[in-house]
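Student: One structure coming up, written as structure tokens, with questions to follow.
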Amino acid sequence: MGLPAAAAAYHTRRLVDRFFREESGRAVAVLCRTFGASQLQLAEDSVQEAIVRAIRLWPFQGIPAHPSAWLITTARNVAYDELRRRQNLQSKEASICQAQALWADSDESRPDEKNVTDVDDLVLRLIFVCCDPAVPANAQAVLALKTVCGFSTREIADAFFLSEANIHQRLSRARKALADAEVEFELPTGKALDDHLAGVARTIYQLFTEGCFSKSNETPIRPELCDEALRLVDLLASLPVGDVPWIHALYALMLFHASRIPARLSSPEGEPPTLLQHQDRSLWDQAMIADAFRHLALSASGSQLHPYHLQASIAAAHTSAKSFEASDWGLIESLYQTLYELDPSPIVALNRSVAISFHRGPEAALAELNRIGGFKEMQSTAAYHMFAADLFGQMGQATEASRALNEALRVTKSKAERSLISDRAHRLSFHP
Amino acid sequence: MDENNKKSDYLFLLRNTDWGHDMPLDQAQAALESMLAWVEEMRTRGLFVAGQPLSPAGKVVSGAAADTSEGPYAESKEIVGGFIIVRTATIEEAEKEAQACPVLRLGMTIEVRPLLANCPLGDEIGVQMLVAPL
Chain C
1 MGLPAAAAAY HTRRLVDRFF REESGRAVAV LCRTFGASQL QLAEDSVQEA
51 IVRAIRLWPF QGIPAHPSAW LITTARNVAY DELRRRQNLQ SKEASICQAQ
101 ALWADSDESR PDEKNVTDVD DLVLRLIFVC CDPAVPANAQ AVLALKTVCG
151 FSTREIADAF FLSEANIHQR LSRARKALAD AEVEFELPTG KALDDHLAGV
201 ARTIYQLFTE GCFSKSNETP IRPELCDEAL RLVDLLASLP VGDVPWIHAL
251 YALMLFHASR IPARLSSPEG EPPTLLQHQD RSLWDQAMIA DAFRHLALSA
301 SGSQLHPYHL QASIAAAHTS AKSFEASDWG LIESLYQTLY ELDPSPIVAL
351 NRSVAISFHR GPEAALAELN RIGGFKEMQS TAAYHMFAAD LFGQMGQATE
401 ASRALNEALR VTKSKAERSL ISDRAHRLSF HP
Chain W
1 MDENNKKSDY LFLLRNTDWG HDMPLDQAQA ALESMLAWVE EMRTRGLFVA
51 GQPLSPAGKV VSGAAADTSE GPYAESKEIV GGFIIVRTAT IEEAEKEAQA
101 CPVLRLGMTI EVRPLLANCP LGDEIGVQML VAPL
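Listed below in structure tokens is the structure:
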């Protein structure tokens with residue numbers, strides 16, 4: 001009484017970490033090539049169904065020899081059957097035949113599916129489709145997380161602090177927009193490519209920023225979002241379309257920030273992440289830093305100066321310093337100055353004045369703060385008032401400092417920030 | 001067969017097996033891997049006799065006219081999504097194996113039923129009903 005064949009053939013092999021998540025984006029991309037970008041919903045649903053079937057089958061039959069190909073073949077069969085079902089709603093036979101056919105060829109997929117060499121290229125096309133100008137700007141990152149990164153709507157809702165219903169709404173609008181605009185599953189060319197590339201880069205950076213500097217009070221750092229963003233930028237930079245200097249600058253910028261995550265997370269449980277000036281620099285990820293400098297070097301060509309170049313250079317200047325105080329503040333100030341000329345935003349101005357304070361002292365920085373205080377957004381930014389308080393403190397003007405802290409307390413919406421401000425106000429009253 | 005003399009076969013009926021729907025893919029994958037490990041572990045200890053997933057759709061044949069309908073029509077949670085046969089000394093041992101299943105907490109249920117060498121009616125009338133036991 002030997003073991004049944006299925007059990008005898010069983011072999012345990014751990015799936016690679018994050019297999020489903022990575023494969024779902026690849027499978028959606030492959031299906032989009034077959035069925036077109038207008039059938040994005042069908043592609044997503046079919047891939048989801050294929051994954052459910054994998055969960056149902058694999059514990060018994062073992063992981064197939066070519067799990068990626070299995071998923072793609074299964075998803076494609078599901079999609080074909082769904083299309084057939086739509087054509088002939090009366091007949092339920094098709095779906096049953098399909099279910100049986102699926103169990104029959106569950107283990108081995110067709111040989112031509114085993115080496116889909118251009119899958120990366122297809123995934124890239126999928127990213128471009130998600131960032132198509134036809135898709136509302138506020139839905140592009142949401143759609144990319146769903147289709148390319150395989151996030152559930154619950155996870156996306158958590159990532160962007162929106163309700164699941166809102167995410168559903170954005171997704172269905174985005175998919176409808178793609179179908180209505182009859183967006184093709186092709187990479188754009190010429191001028192259109194540049195427009196698209198900017199949107200793709202913005203989406204990736206948005207994911208990364210939310211991952212690295214989350215607005216969430218509970219989880220200020222979300223490694224899974226950082227990982228996804230790094231995976232996407234890596235793919236983008238490795239293909240001809242994205243192998244351009246300013247994309248390498250974006251990549252470098254992200255790597256510099258990601259390298260500090262271990263140091264930022266070293267703060268005690270429940271405390272906000274450790275600030276740059278207090279980080280243990282030996283905790284920085286040296287492999288990431290080396291990679292960041294490599295991409296920074298690759299970014300230094302051509303004639304276009306992109307804000308990403310400057311942001312990456314600023315991050316590099318901090319990384320190169322032995323300590324926060326020993327940073328080349330003159331260089332950092334001038335980089336912020338150039339960045340401000342490209343992107344005259346309040347937050348850049350605020351950062352520039354921080355560099356000024358280290359380079360030229362609190363008086364010069366305060367003068368600069370007064371100059372930019374005219375920005376409406378500035379007055380409602382807690383960081384602005386906290387920095388002002390800090391400068392007043394350095395100059396021994398306790399009353400002014402405490403007034404600025406009160407203002408910060410008035411405008412902040414974040415719980416973590418509130419406790420930080422109260423803490424400072426408390427210390428100020430004891431050590432004026 | 002001798003070493004198995006004192007052992008019996010138990011059937012696990014797995015229900016509500018589609019817990020992978022709407023689950024973040026990382027979690028779904030982790031759950032799948034824990035399920036794989038659970039089956040593999042029983043196999044390496046020689047307890048696993050057979051196991052197979054079942055298609056959720058099929059035919060139901062019933063009545064004097066042997067009418068066929070699409071089925072089963074049970075609540076989707078009630079549909080048997082797969083089975084496993086284990087060989088252990090007692091039902092308590094089989095029960096313990098089932099309790100170790102890592103995806104119970106995701107809603108899957110396991111019904112443990114002893115496989116009999118003969119059906120109760122056959123026993124009563126002294127006839128061996130089952131021709132080829134496992």
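Those protein sequence lines, which keep their order, are chains C and W. Numbering (the numbering used here) for the first sequence: 1 to 432. Numbering (the numbering used here) for the second sequence: 1 to 134. Think of the CB as a built atom: it goes at the ideal place given N, C-alpha and C, for glycine as much as any other residue.
So, does the CB of C/ILE127 fall closer than 7 angstroms to a CB anywhere in chain D?
Tutor: Within the model displayed, chain D is absent; protein chains C and W are what it includes.
Student: Are any of the Cβ atoms in chain C nearer than 7 angstroms to that of W/MET35?
Tutor: Within the second sequence, the letter at position 35 stands for residue 35 of chain W. Closer than 7 angstroms to some Cβ of chain C, the Cβ of W/MET35 qualifies, so yes.
Student: Report all residues from its chain with a CB closer than 6 angstroms to the CB of C/ASP343; omit the five preceding and five following residues, and keep chain order.
Tutor: Counted from its first residue, the first sequence places residue 343 of chain C at position 343. So the qualifying residues of the chain are PRO307.
Student: Along the segment 99 to 132 of chain W, what residues have a CB closer than 8 angstroms to any CB found in chain C?
Tutor: Against chain C - using a Cβ distance shorter than 8 angstroms - the segment 99 to 132 of chain W contributes no residues.
Student: Taking its Cβ as the centre, do 16 or more other Cβ atoms sit within 10 Å of C/ARG427, making it buried, or is it exposed?
Tutor: If you number the first sequence from 1, residue 427 of chain C lands on position 427. It counts as exposed.
Student: Could you pull out every unbroken alpha helix (DSSP H) segment of at least 4 residues lying fully inside the segment 32 to 86 of chain W, listed in chain order?
Tutor: None, since the segment 32 to 86 of chain W contains no complete alpha helix (DSSP H) of that length.
Student: Skipping 5 residues on each side, what residues in its chain have a beta carbon closer than 6 angstroms to that of W/VAL183?
Tutor: This structure leaves residue 183 of chain W out entirely; chain W is present only between 1 and 134.
Student: On a Cα-Cα basis, can you pick out the residue from W/MET35, W/ASN16, W/GLY63, W/ASP18 that is closest to W/ALA100?
Tutor: Here residue 100 of chain W is taken as the residue at index 100 of the second sequence, counted from 1. Taking only the C-alpha atoms, the option nearest W/ALA100 is W/MET35.
Student: How about C/PHE19: is its C-beta nearer than 7 angstroms to some C-beta of chain W?
Tutor: Counted from its first residue, the first sequence places residue 19 of chain C at position 19. It does: the Cβ of C/PHE19 has a partner Cβ on chain W nearer than 7 angstroms.
Student: Buried or exposed: which applies to W/HIS21, given that a residue is buried once 16 or more other Cβ atoms fall within 10 Å of its Cβ?
Tutor: Here residue 21 of chain W refers to the residue found at position 21 of the second sequence. Per the 10 Å Cβ criterion, exposed.
Student: Which residues in the same chain have their Cβ closer than 7 angstroms to the Cβ of C/VAL78, if we skip the five residues on either side of it in sequence?
Tutor: Here residue 78 of chain C is taken as the residue at index 78 of the first sequence, counted from 1. Counting only Cβ-Cβ distances below 7 angstroms, and skipping sequence neighbours, we find SER46, GLU49, ALA50.
Student: Note down, in chain order, each residue of its chain lying with its Cβ closer than 6 angstroms to the Cβ of C/ILE204, except the 5 sequence neighbours on either side.
Tutor: Indexing the first sequence from 1 puts residue 204 of chain C at position 204. These residues qualify, in order along the chain: ALA229, LEU232, VAL233.
Student: Residues of chain C with CB closer than 8 angstroms to the CB of W/MET23, please, in chain order.
Tutor: Looking up residue 23 of chain W in the second sequence gives position 23. The answer, in chain order, is SER152.
Student: Answer with yes or no whether the minimum CB distance from C/SER46 to chain W is below 7 angstroms.
Tutor: Against the first sequence, residue 46 of chain C aligns to sequence position 46. It does not: the Cβ of C/SER46 has no partner Cβ on chain W nearer than 7 angstroms.
Student: Output needed for C/ALA425: all residues of its chain with C-beta closer than 8 angstroms, excluding positions within five of it in sequence on either side, in chain order.
Tutor: Translated into positions along the first sequence, residue 425 of chain C becomes position 425. Correct list, in chain order: SER402, LEU405, ASN406, LEU409.
Student: Quick one: list the residues of chain C neighbouring W/GLY81, beta-carbon separation under 9 angstroms, in chain order.
Tutor: Position 81 of the second sequence, counted from the start, is the residue given in the question as residue 81 of chain W. Within chain C, the residues near W/GLY81 are ARG56.
Student: Determine the chain W residues that contact C/SER24 at a beta-carbon separation under 8 angstroms, and present them in chain order.
Tutor: Here residue 24 of chain C refers to the residue found at position 24 of the first sequence. Simply LEU25.
Student: Are the C-beta atoms of W/THR68 and some chain C residue less than 7 angstroms apart?
Tutor: Here residue 68 of chain W corresponds to residue number 68 of the second sequence, with the count starting at 1. It does not: the Cβ of W/THR68 has no partner Cβ on chain C nearer than 7 angstroms.
Student: Give the single residue among C/LEU193, C/HIS278, C/LEU71, C/LEU15 whose Cα lies nearest to the Cα of C/SER24.
Tutor: Looking up residue 24 of chain C in the first sequence gives position 24. Minimum Cα distance to C/SER24 is reached at C/LEU71.
Student: Kindly indicate the opening and closing residues of the beta strand (DSSP E) around W/ARG15.
Tutor: Numbered from 1 along the second sequence, position 15 holds the residue referred to as residue 15 of chain W. Counting along the chain, the beta strand (DSSP E) containing W/ARG15 begins and ends at 8 to 15.
Student: To the nearest angstrom, report how far apart C/SER422 and C/PRO223 are at their CA atoms.
Tutor: By one-based count along the first sequence, residue 422 of chain C stands at place 422. By one-based count along the first sequence, residue 223 of chain C stands at place 223. Going by the C-alpha atoms only, they are around 29 angstroms apart.
Student: So the candidates are C/ASP121, C/ARG371, C/LEU331, C/PRO272; which of them puts its Cα closest to the Cα of C/PHE213?
Tutor: Along the first sequence, read from residue 1 onward, the residue named residue 213 of chain C stands at position 213. C/PHE213 has its Cα closest to that of C/PRO272, out of C/ASP121, C/ARG371, C/LEU331, C/PRO272.
Student: I think W/ILE85 touches W/LEU54, with their Cβ atoms under 8 angstroms apart; what is that distance to the nearest whole Å?
Tutor: Along the second sequence, one-based indexing puts residue 85 of chain W at 85. Along the second sequence, one-based indexing puts residue 54 of chain W at 54. Wrong, their Cβ atoms sit about 14 angstroms apart, outside the cutoff.
Student: According to the neighbour-count rule (16 or more other Cβ atoms, all chains shown, within 10 Å of its Cβ), is C/SER299 buried or exposed?
Tutor: Position 299 of the first sequence, counted from the start, is the residue given in the question as residue 299 of chain C. Its Cβ being crowded by 16 or more others within 10 Å, C/SER299 is buried.
Student: In whole angstroms, what separates the C-alpha of C/ILE55 from that of C/VAL129?
Tutor: One-based indexing of the first sequence puts residue 55 of chain C at position 55. One-based indexing of the first sequence puts residue 129 of chain C at position 129. For C/ILE55 and C/VAL129, the distance between alpha carbons rounds to 29 angstroms.
Student: Enumerated in chain order, which unbroken segments of the alpha helix (DSSP H) with a length of 4 residues or greater are wholly contained in the segment 136 to 161 of chain C?
Tutor: Listed in chain order, they are 137 to 147, 153 to 160.
Student: Any idea which residues DSSP pairs C/ILE247 with across the strands?
Tutor: Residue mapping note: residue 247 of chain C aligns to position 247 of the first sequence, counting from 1. Its beta-bridge partners do not exist; DSSP assigns none.
Student: Is there at least one Cβ from chain C nearer than 7 angstroms to W/PRO53's Cβ?
Tutor: Looking up residue 53 of chain W in the second sequence gives position 53. With 7 angstroms as the cut-off, W/PRO53 counts as an interface residue toward chain C.
Student: Pull up the distance between the alpha-carbon of C/GLY36 and that of C/ASN88, whole angstroms please.
Tutor: On the first sequence, position 36 is the one that residue 36 of chain C refers to. On the first sequence, position 88 is the one that residue 88 of chain C refers to. For C/GLY36 and C/ASN88, the distance between alpha carbons rounds to 21 angstroms.
Student: Give me the Cβ distance between C/LEU451 and C/ILE314, rounded to the nearest whole Å; I'm assuming they're in contact under 8 angstroms.
Tutor: Here chain C covers residues 1 to 432 and nothing more, so residue 451 of chain C does not appear.
Student: List, in order along the chain, the chain C residues whose C-beta lies closer than 7 angstroms to that of W/ALA28?
Tutor: On the second sequence, residue 28 of chain W is found 28 positions in, with the first residue counted as 1. The contacting residues are PHE20, ILE51, ILE55.
Student: With a threshold of 7 angstroms between beta carbons, is W/LEU47 in contact with chain C?
Tutor: Taking the second sequence and counting its residues from 1, the one referred to as residue 47 of chain W is at position 47. Output row for W/LEU47: interface = no.
Student: If you draw a straight line from the alpha carbon of C/THR74 to that of W/ALA89, how long is it in whole angstroms?
Tutor: Here residue 74 of chain C refers to the residue found at position 74 when the first sequence is read from its first residue. Here residue 89 of chain W refers to the residue found at position 89 when the second sequence is read from its first residue. So the alpha carbons of these two residues sit roughly 40 angstroms apart.
Student: With 16 other CB atoms within 10 Å as the buried threshold, where does C/ASP291 fall?
Tutor: Walking along the first sequence from the start, residue 291 of chain C turns up at place 291. By the neighbour-count rule (16 or more Cβ atoms within 10 Å), C/ASP291 is buried.
Student: Closer than 7 angstroms, CB to CB, is W/VAL39 near chain C or not?
Tutor: Position 39 of the second sequence, counting from 1, holds the residue named residue 39 of chain W. At least one chain C Cβ lies under 7 angstroms of W/VAL39.
Student: List, in chain order, every chain C residue whose beta-carbon is nearer than 7 angstroms to that of W/THR17.
Tutor: Looking up residue 17 of chain W in the second sequence gives position 17. Within 7 angstroms Cβ-Cβ: ARG56.
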